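To keep things clear, I will list the structure first and then write my remarks on it.
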Amino acid sequence: MKIGKVKIGLKKPPFIVAELSGNHDGSLKKALSIVDEVAKAGAHAIKLQTYTPDSMTLNLKKKEFIIKDSKSPWKGKSLYNLYKKAMTPWKWHKPIFDRAKKRGLEYFSSPFDEKAVEFLESLKVPAYKIASFENIDTNLIKKVSSKKKPVIISTGMATLTEIKEAFNTAKQSGCTNIALLKCTSTYPCSPLESNLKTISDLRKKFKCEIGLSDHTMGIGAALSSISFGASIIEKHVTLKRSEGGVDSSFSLEPQELSQLVRESKSTYESLGSIYYGPTISERNSIKFRRSLYIVKNINAGDKINNNNVKSIRPGLGLAPKYLNKIIGKKIKKNIKKGTPLTWKIIK
Numbered sequence: 000m001k002i003g004k005v006k007i008g009l010k011k012p013p014f015i016v017a018e019l020s021g022n023h024d025g026s027l028k029k030a031l032s033i034v035d036e037v038a039k040a041g042a043h044a045i046k047l048q049t050y051t052p053d054s055m056t057l058n059l060k061k062k063e064f065i066i067k068d069s070k071s072p073w074k075g076k077s078l079y080n081l082y083k084k085a086m087t088p089w090k091w092h093k094p095i096f097d098r099a100k101k102r103g104l105e106y107f108s109s110p111f112d113e114k115a116v117e118f119l120e121s122l123k124v125p126a127y128k129i130a131s132f133e134n135i136d137t138n139l140i141k142k143v144s145s146k147k148k149p150v151i152i153s154t155g156m157a158t159l160t161e162i163k164e165a166f167n168t169a170k171q172s173g174c175t176n177i178a179l180l181k182c183t184s185t186y187p188c189s190p191l192e193s194n195l196k197t198i199s200d201l202r203k204k205f206k207c208e209i210g211l212s213d214h215t216m217g218i219g220a221a222l223s224s225i226s227f228g229a230s231i232i233e234k235h236v237t238l239k240r241s242e243g244g245v246d247s248s249f250s251l252e253p254q255e256l257s258q259l260v261r262e263s264k265s266t267y268e269s270l271g272s273i274y275y276g277p278t279i280s281e282r283n284s285i286k287f288r289r290s291l292y293i294v295k296n297i298n299a300g301d302k303i304n305n306n307n308v309k310s311i312r313p314g315l316g317l318a319p320k321y322l323n324k325i326i327g328k329k330i331k332k333n334i335k336k337g338t339p340l341t342w343k344i345i346k
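The opening residue of the sequence shown carries number 0 in numbering that gives the first Met the number 0; numbering runs sequentially from there.
What follows is the structure, given as structure tokens:
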């Protein structure tokens, strides 16, 4: 897969996507500052969400339109008011994308209805993201996929059957570059519910790029996902959690994002390949292994015993495994303490 100029796959460090979401807190200036910090941190892309409250829900106070979950950071809010506060105004998209382009970032968005797709097309986004709550909206997936651009689908809440349906819908609608993100749609997410082993199973089942949309606190789960084959990592970002913002409580601050970028590259590099024996850099260390040395001055004809020959460092003498075989054998000539034991000096 390729998004903009960035190639994505197991032969590259993970593609790091910073999700702006509603952490702009109603300020374009703050949104642009987040873009700047994302670029400084070394992430690859910034992602928005493109919707209006009216395209998401109804402005009603009925109980099903109110968030009741006591663990939710949005408890007590109506869906409509939450989306009204969190939305990124459409007129902000271009200046945000322009800033991203200027700072060398790729940029794209999650559209939530067909109008949003056409709007994003007018801005020439290089890719699309289907959010977890929309992965069952096959009409939206068809619309996005018809643009024949890379599509990333979050799998939060979805059963395997639903993931297959979303994946096949995208494929049958003209999309040839599909990625799936393992996701747990709770905010914040407990590591106990991350189930990162699913990543390798998704890669096996769908044979496409697989990543992680991570809502846990910190970067531990994100880094762990790399060893299961995650080639994309998406995290929400904010300037300061203490300043608020609808998603700030489970978002990374700039220095944490920078650490994620740095450590994800290191984690990726550490995977290496299946390899036994000394590496190139280890070859210089072989000489400091243990080996058999003369540890007391001995004369020709003396017998080797546990007092005059020991296994010590460095490794210029016989391997320690030969000690029991040479105990009791005679030395050919006078030898000084600190001489490596070799077959040549043994009778």
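Just so you know, even glycine gets a beta-carbon here, dropped at the ideal spot from N, CA and C. Treat the numbers as computed from the prediction; the structure is a model and nothing was measured.
By the three-class DSSP mapping on this structure, what secondary structure does Asp-213 have? Strand.
(Q) Quick check on Arg-261: buried or exposed, where buried means 16 or more other Cβ atoms within 10 Å of its Cβ? (A) Under this definition Arg-261 is an exposed residue.
**Report entry** Beta-carbon proximity check, Ser-199 vs Gly-155, cutoff 7 Å
**Finding:** No. Outside cutoff.
Can you tell me which of the three DSSP states Ser-20 falls into? It is coil, neither helix nor strand.
Exercise. Name the DSSP beta bridge partners of Leu-291, please?
Worked result: Residue pairing of Leu-291 in beta bridges, as defined by DSSP: Ser-310.
**Prompt:** CB-CB under 7 Å to Glu-18, same chain, minus the five flanking residues each way: which ones, in chain order?
**Reply:** Excluding residues within five positions, the ones whose Cβ falls inside 7 Å are Lys-46, Glu-233, Lys-234, His-235, Val-236.
request  = Go ahead and pull the three-state DSSP assignment for Ser-199.
outcome  = It is helical.
- prompt: Can you give the beta carbon distance from Ser-310 to Ser-284, rounded, assuming they're within the 8 Å contact cut?
  reply: Going by Cβ atoms, the distance from Ser-310 to Ser-284 rounds to 17 Å, so no, they are not a contact pair.
Using the Cβ count rule (16 or more neighbours within 10 Å means buried), how would you classify Ala-299? When all chains shown are included, Ala-299 counts as exposed.
Query - Beta-carbon gap between Gly-210 and Leu-180 smaller than 7 Å - result: Their beta carbons are under 7 Å apart, which means Gly-210 touches Leu-180 by this criterion.
From the DSSP output, in three-state form, read off Pro-339 for me.
Strand at Pro-339.
- prompt: Does DSSP put Val-143 in a helix, a strand or coil?
  reply: Helix.
Requested in this report: Go through its chain and collect everything with a Cβ distance to Cys-174's Cβ below 6 Å, but skip five positions before and after it.
Outcome: Same-chain partners within the cutoff: Ser-144, Val-150.
Which runs of the alpha helix (DSSP H) at least 4 residues long sit entirely within the region 17 to 68? Give them in chain order.
When DSSP assignments are scanned along the region 17 to 68, the uninterrupted stretches of alpha helix (DSSP H) that are 4 or more residues long and fall wholly within it turn out to be 27 to 40, 52 to 55.
Query - Identity of the residue in Tyr-106, Ser-257, Trp-91 nearest Lys-4 by Cα - result: Closest option to Lys-4, Cα to Cα, is Tyr-106.
Query raised in the report: Which whole-angstrom value is the C-beta distance of Lys-148 and Ala-126, which I expect to be below 8 Å?
Result: With a Cβ gap of about 5 Å, Lys-148 and Ala-126 count as contacting.
Discussion item. Could you give the first and the last residue of the continuous beta strand (DSSP E) run that contains Phe-107?
Written reply: Looking at the DSSP string, the run of the beta strand (DSSP E) that includes Phe-107 is 105 to 110.
Worksheet entry | Pick from Ala-38, Gly-316, Asp-53, Asp-112 that is closest to Lys-142, judged by C-alpha positions | Among Ala-38, Gly-316, Asp-53, Asp-112, the Cα nearest to that of Lys-142 is on Asp-112.
query: In the structure shown, what three-state DSSP assignment does Leu-180 receive?
result: Strand at Leu-180.
Under 7 Å, do Ile-334 and Ile-293 count as touching if we go by C-beta distance? Their beta carbons are under 7 Å apart, which means Ile-334 touches Ile-293 by this criterion.
Contact defined as beta carbons within less than 8 Å: I believe Ser-230 pairs with Glu-208. What is the distance between those atoms, to the nearest angstrom? The distance from the Cβ of Ser-230 to that of Glu-208 is about 5 Å, consistent with a contact at the 8 Å cut-off.
* To do: Starting from Ile-162, follow the alpha helix (DSSP H) in both directions and report where the run begins and ends.
  => Ile-162 -> alpha helix (DSSP H) spans 159 to 171.
Next on the checklist: My output table needs one value for Glu-252: the three-state DSSP class, helix, strand or coil.
Outcome noted: Glu-252 falls in the coil class under three-state DSSP.
Smallest Cα separation from Gln-48: which of Lys-83, Gly-21, Asn-307? Among Lys-83, Gly-21, Asn-307, the Cα nearest to that of Gln-48 belongs to Gly-21.
> Alpha carbon to alpha carbon, how far is Lys-320 from Lys-329?
Replying inline: So the alpha carbons of these two residues sit roughly 18 Å apart.
Practice item. Go to Lys-324, then tell me how far its alpha helix (DSSP H) extends in each direction, as first and last residue. Key: Taken as a continuous stretch (DSSP letters only), the alpha helix (DSSP H) holding Lys-324 covers 322 to 325.
Could you check the C-alpha separation between Ile-15 and Ile-66 for me, to the nearest Å?
Looking at the backbone, the Cα of Ile-15 and that of Ile-66 are separated by about 30 Å.
Check your understanding: In three-state DSSP terms, what is Phe-14?
Key -> DSSP places Phe-14 in strand when its eight states are reduced to three.
Q | Terminal residues of the beta strand (DSSP E) in which Ile-231 lies | A | Looking at the DSSP string, the run of the beta strand (DSSP E) that includes Ile-231 is 231 to 235.
Next on the checklist: Can you tell me whether Ile-273 is helix, strand or coil according to DSSP?
Outcome noted: Coil.
Does the beta-carbon of Leu-104 have 16 or more other beta-carbons within 10 angstroms, so that it is buried, or is it exposed?
In the assembly as shown, Leu-104 is a buried residue. Its beta-carbon has 16 or more other beta-carbons within 10 Å.
Cβ-based neighbour list, Phe-205, same chain, cut-off 7 Å, excluding 5 preceding and 5 following: These residues qualify, in order along the chain: Phe-166, Leu-179.
For the alpha helix (DSSP H) containing Ser-121, list its first residue and its last residue. Here the alpha helix (DSSP H) through Ser-121 covers 113 to 121.
Endpoints, beta strand (DSSP E) assigned at Ile-151: If you look at Ile-151, you'll find it in the beta strand (DSSP E) that goes 150 to 153.
Note to self: So, at 6 Å on beta carbons, what are the nonlocal neighbours of Asn-339 in its own chain, with the 5 sequence-adjacent residues on each side left out?
What the structure shows: Just to set this straight, residue 339 is Pro in the shown sequence, not Asn. The beta carbon of Pro-339 lies closer than 6 Å to those of Tyr-292, Leu-315, Gly-316 in the same chain, with the five residues before and after it left out.
ask   = Is it the case that the Cβ atoms of Leu-27 and Trp-89 are separated by a distance below 7 Å?
value = Their beta carbons are not under 7 Å apart, which means Leu-27 does not touch Trp-89 by this criterion.
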